[in-house]
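Quick notes on the structure that follows.
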Ligand SMILES: [Zn+2]
C-alpha cells in the first residue's frame, strides 16, 4: 500500500528544475566566436545575446558584457562536454512522512542552435520514515520494487542485487543538490522538524546520509547549529558518531570547524590551540609516528619542529635514519633539530654516499660476527656467512647469478647469505645459500642450477647443517 502510494506520486515537470539546472551548470557555458567583414562577434550561450569585441583566441577566457561572466571562447564547430548531475526534491505524504525524490539530469550542447538541451528523469524515491527505497528501472520506469526478506525495500539489498559487492549507502546516489526553498515549512509536522535540514541542504551536504545518522543520533543537529560542517561531513561519510563526541570534555573543540581527524587528534593529544591541531593533522599514521619515535623519543617536539621546517614527517624520518647510519650523535639537539632541515638532510645524504662503502662494510662485519657461530664443516663441505660485500660480487660473477643485489638486504639484516664451499678449495665459489629467520629460502649453484641440478651430497650437507642449528631446510 505504502509502496503503491510511492509509485503514484505526482510527476514533476522538468520546467520546475530548469532554473536550478542552469545555475548548477553555469560553468558549462561558452562564448561562440564568429567573424564577419573582418569583425569579431561573440554569442554568449548563457544570456543568448551577440556582442562585438576585438579578437580573442579560441580557448582563452573572455567576459560577456551582459551577464559579466567569464567564459571560454569557442568556434561554431566546437562542442562543449555534457554536464550531468542529480537534484533532490523533498516532499511529505499525508501522514507527514518524509519523501525524498532524486532526479538525474543531463545538459547537452547543440552546436547547430548554440543552446543546451536538458534531459531529466526521476531515478529514486524514498519513503524515509519507512525505509522504503524505490528505484527507476529501464524497463518499467519508476515503480520497480525489489523486496528484501522482511518485505521491505532496503537500499542495501537493491544495491547488492544490482552491482554485487558491498558499498555504503552514500556511494549509490548523491543527495547534495537539494531544492532548498520551503524546507523548514515542509518539515514542520514531521519527525525532522528539529533536524536543521535546511542548513544542511544549503551547505551542500548529502541530506540522505545526514538524516540517516540523525535518526540514530539527533544531537547531530547541534553540530549543524554550531556550523561544524567539516566534522558533520566526515561523520555522515562514515555513518557513525565518534566516541570522543560523547565526552563533555571534548566539546570545547567544537569551537573550531575541525574535520574528524583533526577533532580526534585534538581529543587524543589534548591539544588546546588551532595551530597544534593543524600540525598534528600531518601525522598520518601511528606507524610513521613510531618509526620516528625510535629515533627521537620526543614525538611532540619533533612534530612541531617538522611543521616549523615546512617538511613532512617522512622527510624527517629519512633524515634521522641516515643521520643514525652515519653515526651522528642521536642525543645531540643539533642533530635532532637542525636549524635548516633541508640542508642537514642533503648534507647527511652526501655524507652517506661518500661513506657508504665504509658504512656497509661495518654493517657486514657486524652481521658476520653475529652469524659466525653457524659455521659448519662436514663431509668435505664447509658453510660460513658472508664477511664482506665484495664477496657477494665475486660469488655472482663466478656462479653467474644475482646474489650481488643482496648487499643492502644483508647489510640491514633483512636476510642472510651463507657460502657453501668444498674444503679442498675454500676460496672458490660453489653454492650460495639464503637464510632468513631460521629458514633456508634458496640454495643456488652455477647459473642457478638450470643446467646442472644440485648434487645430492650438497643437499644432504645443507640438511645436516639445518638439523644441527634447528633451521628449516628447503630440501625436505
Ligand atoms: Zn552573457
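Residue numbers (our numbering): 1 to 476.
Yeah, the Cβ is synthetic: ideal placement off N, Cα and C, and Gly gets one too.
Residue i by DSSP, collapsed to three states: which one?
i           : result
residue 345 : helix
residue 61  : strand
residue 330 : coil
residue 397 : helix
residue 465 : helix
residue 477 : The shown model of the chain, from 1 to 476, leaves out residue 477, and the question about it has no answer.
residue 450 : coil
residue 103 : strand
residue 33  : strand
residue 156 : Because residue 156 carries a pLDDT of 43, less than 50, the predicted location of this residue cannot be relied on, and no value is offered for it.
residue 130 : coil
residue 254 : helix
residue 56  : coil
residue 369 : helix
residue 84  : strand
residue 164 : Caution applies to residue 164, whose pLDDT of 35 falls short of 50 and renders its modelled position unreliable; the model cannot decide the point.
residue 28  : helix
residue 384 : strand
residue 310 : coil
residue 185 : helix
residue 377 : strand
residue 427 : coil
Could you say which of the options lies nearest to residue i if we only look at CA atoms?
i           : options            : result
residue 432 : 417, 438, 422      : 417
residue 271 : 304, 72, 235, 358  : 304
residue 31  : 17, 361, 52        : 52
residue 349 : 112, 339, 319      : 319
residue 191 : 182, 130, 178      : 130
residue 98  : 215, 474, 75       : 215
residue 81  : 66, 88, 117        : 117
residue 49  : 61, 57, 66         : 66
residue 120 : 218, 68, 20        : 20
residue 352 : 105, 325, 113, 79  : 325
residue 108 : 25, 345, 273, 314  : 25
residue 427 : 414, 38, 395       : 395
residue 370 : 359, 430, 380, 384 : 384
residue 57  : 34, 47, 68         : 34
residue 103 : 92, 93, 122        : 122
residue 18  : 179, 338, 224, 253 : 179
residue 186 : 12, 89, 276        : 89
residue 202 : 358, 62, 460, 87   : 87
residue 424 : 382, 197, 415      : 382
residue 399 : 295, 430, 411      : 430
residue 333 : 295, 439, 193, 226 : 295
Taking all protein chains shown into account, decide if residue i is buried (16 or more other Cβ within 10 angstroms of its Cβ) or exposed.
i           : result
residue 445 : buried
residue 222 : exposed
residue 101 : buried
residue 45  : buried
residue 317 : buried
residue 195 : buried
residue 475 : exposed
residue 75  : exposed
residue 165 : Interpretation of residue 165 is limited by its pLDDT of 37, a score under 50 that renders its predicted location unreliable; the figure taken from the coordinates is listed afterwards. Exposed, by the Cβ-count rule.
residue 402 : exposed
residue 456 : exposed
residue 490 : It is not possible to answer for residue 490, since the shown part of the chain is limited to 1 through 476.
residue 28  : buried
residue 450 : exposed
residue 13  : exposed
residue 113 : exposed
residue 453 : exposed
residue 228 : buried
residue 478 : Within the shown structure, residues of the chain are numbered from 1 to 476, placing residue 478 beyond reach of any answer.
residue 251 : exposed
residue 330 : exposed
residue 435 : buried
Exercise. Can you list every residue whose CB sits closer than 5 Å to some heavy atom of ligand 1, going in chain order?
Worked result: 44, 46, 47, 64, 66, 67
Exercise. Is the segment 257-267 close to the segment 234-247, with three or more CB pairs under 8 Å?
Worked result: yes
For this session: Pair every Cβ in the segment 461-476 with every Cβ in the segment 388-402, then say whether three or more of these pairs are closer than 8 Å.
Result: No, the segment 461-476 is not in contact with the segment 388-402.
Exercise. Touch check for the segment 252-264 and the segment 294-312: three-plus C-beta pairs under 8 Å?
Worked result: No contact exists between the segment 252-264 and the segment 294-312.
Problem set entry | Sufficient close CB pairs (3 or more, under 8 Å) joining the segment 336-350 to the segment 368-383 | no
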